[in-house]
Amino acid sequence: MSRLALKSSKSDLNQQPFVLTPCSQKRRWRQRNFKFSGEDTLIFLHIQKTAGTSFERFLVRKLNISNPCICEEGQKRCDCEIIDNFGKKRIWLFSRYSTGWVDWACGLHADFTKLVVANCVDYYFKIKEGQSKNRFYLTTFIREPIDRFISEFSHVKRGARWKRVQHFCNNMSECLEFDLVKEVELDEFLNCPHNLAFNRQTRMLADLTLIGCDNLVFSDTPTSHFGRLMLESAKKNLQNNFAFFGIKERMNESQILFENIFNVKFSDSLSNWNLSKSSDIFVSADQIAQIKQKNQLDLELYSFANRLFDKRIEEFKIKGRL
Numbered sequence: 001m002s003r004l005a006l007k008s009s010k011s012d013l014n015q016q017p018f019v020l021t022p023c024s025q026k027r028r029w030r031q032r033n034f035k036f037s038g039e040d041t042l043i044f045l046h047i048q049k050t051a052g053t054s055f056e057r058f059l060v061r062k063l064n065i066s067n068p069c070i071c072e073e074g075q076k077r078c079d080c081e082i083i084d085n086f087g088k089k090r091i092w093l094f095s096r097y098s099t100g101w102v103d104w105a106c107g108l109h110a111d112f113t114k115l116v117v118a119n120c121v122d123y124y125f126k127i128k129e130g131q132s133k134n135r136f137y138l139t140t141f142i143r144e145p146i147d148r149f150i151s152e153f154s155h156v157k158r159g160a161r162w163k164r165v166q167h168f169c170n171n172m173s174e175c176l177e178f179d180l181v182k183e184v185e186l187d188e189f190l191n192c193p194h195n196l197a198f199n200r201q202t203r204m205l206a207d208l209t210l211i212g213c214d215n216l217v218f219s220d221t222p223t224s225h226f227g228r229l230m231l232e233s234a235k236k237n238l239q240n241n242f243a244f245f246g247i248k249e250r251m252n253e254s255q256i257l258f259e260n261i262f263n264v265k266f267s268d269s270l271s272n273w274n275l276s277k278s279s280d281i282f283v284s285a286d287q288i289a290q291i292k293q294k295n296q297l298d299l300e301l302y303s304f305a306n307r308l309f310d311k312r313i314e315e316f317k318i319k320g321r322l
């Protein structure tokens, strides 16, 4: 597996978002205007229970561009292919509702390590289109960690297991050998020692090769060496390697930021489109304390992300783009 050479940068919240540019065996990050003609590709990294499903549907159904995705009633996936100047079919969006999960390349809910470090997206386009893309623009959504964790538990309680996820580390296990017939209880979910729901956002946004698969078990807290490495990697990637990230609790601002970054408009309001399922799960004060303790990395990442988000919003205001 080839490694990527990422451009190093100072830890500066004022830094502009970057895009991923394939260049031989190396890639470098730079800001460019996105071309919806198929030369560029927008990649959505879908972290579970962060409003990703709503945003992905919004992308394929509500984006006003010259080559919109074609969505047929009753079909989950939409046709986001366009014909370029050479008569070739090109795809501008790599996501659940355009390309699908693509089990033979990236799989279900692929993380940063799988999508970028392991080159699965580049591999997909070499097979699908016969060539690499000019530029990849990474995007994602994040969510307040306590609410996200409870939402994931609610999803698991309803029977979800995400068995098709292709983990970069073969020894990563959900350790949830629950009977599919039996309802999972929150205490049982919290007592699972290596539950991948813990700090899921940090882990999915980090380059796990910097930590090593054997050390993931030691990366649960920001006070541990490997936990700090993973957290700093996730922060760096969110800051430098994502052209856009949205925040579930800030839907209106997320939509405005996306529209300004990519110079496009949506035909509807994302805050109206995102209708979360209600949850009737009772969570005690002691359970909330446990959730906070087991998601310290995500809580610190979320705080950092909100500060970075504020900076980007302010930058566009200063430029007169909001």
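What the sequence shown shows, in the UniProt record's numbering, is residues 1 to 322, in sequence order. Glycine residues also receive a C-beta, built at the ideal position from the N, C-alpha and C atoms.
Check                                                                                                           : Outcome
CB-CB length for arginine 250 against aspartate 111, believed under 8 angstroms                                 : Between aspartate 111 and arginine 250 the Cβ distance is about 23 angstroms, and since that is not below 8 angstroms, they are no contact.
Glutamine 201: CB within 7 angstroms of a non-hydrogen atom of the ligand NAP                                   : Summarising the ligand content, the structure contains no ligands, and the ligand NAP is consequently not present.
Under the three-state DSSP convention, the category phenylalanine 244 falls into                                : strand
Simplified DSSP state of serine 24, which is helix, strand or coil                                              : Per-residue confidence for serine 24 stands at a pLDDT of 35, beneath the threshold of 50, marking its modelled position as unreliable; the derived number appears in the next sentence. Correct three-state label for serine 24: coil.
Bridge partners - asparagine 64, DSSP secondary structure assignment                                            : Lys265
Through-space distance from phenylalanine 94 to tryptophan 101, alpha-carbon basis                              : 9 angstroms
Spatially closest choice to glutamate 259 from Phe198, Leu59, Ile318 and Phe125, by CA coordinates              : Leu59
Cutoff 8 angstroms; reference leucine 190; Cβ partners in own chain excluding five residues on either side      : Gln287, Gln290, Ile291 and Lys294
Close Cβ partners of serine 24 (< 6 angstroms) along its chain, the five nearest in sequence each way excluded  : In this prediction, serine 24 scores a pLDDT of 35, lower than 50, which makes its location untrustworthy; no coordinate-derived value is stated.
Of the listed residues Tyr302, Ile261 and Gln296, nearest to arginine 312 (C-alpha basis)                       : Ile261
Neighbour-count burial assignment, arginine 307, 16 or more Cβ in a 10 Å radius                                 : exposed
Buried versus exposed, by CB contacts within 10 Å (16 or more), aspartate 40                                    : buried
Local Cβ density within 10 Å of aspartate 268, reported as buried at 16 or more and exposed below that          : exposed
Exposure of valine 181, with buried meaning 16 or more beta-carbon neighbours within 10 Å                       : Confidence is the limiting factor: at valine 181 the pLDDT is only 46, short of 50, which leaves the residue's position unreliable and the question unanswerable from this model.
Inter-stretch contact (C-beta, 8 angstroms, three-pair minimum) for the segment 140–154 and the segment 49–64   : yes
First through last residue of the alpha helix (DSSP H) which encompasses isoleucine 313                         : 296–318
For glutamate 144, the three-state DSSP class (helix, strand or coil)                                           : coil
Beta strand (DSSP E) runs wholly inside the segment 27–56, at least 3 long, in chain order                      : 40–45
Touch test, the segment 220–240 against the segment 295–302, Cβ-Cβ under 8 angstroms, three pairs minimum       : yes
Proximal residues to cysteine 106 (C-beta, below 8 angstroms), its chain only, five neighbours per side dropped : Lys114, Leu115, Cys120, Val121, Tyr124 and Gln166
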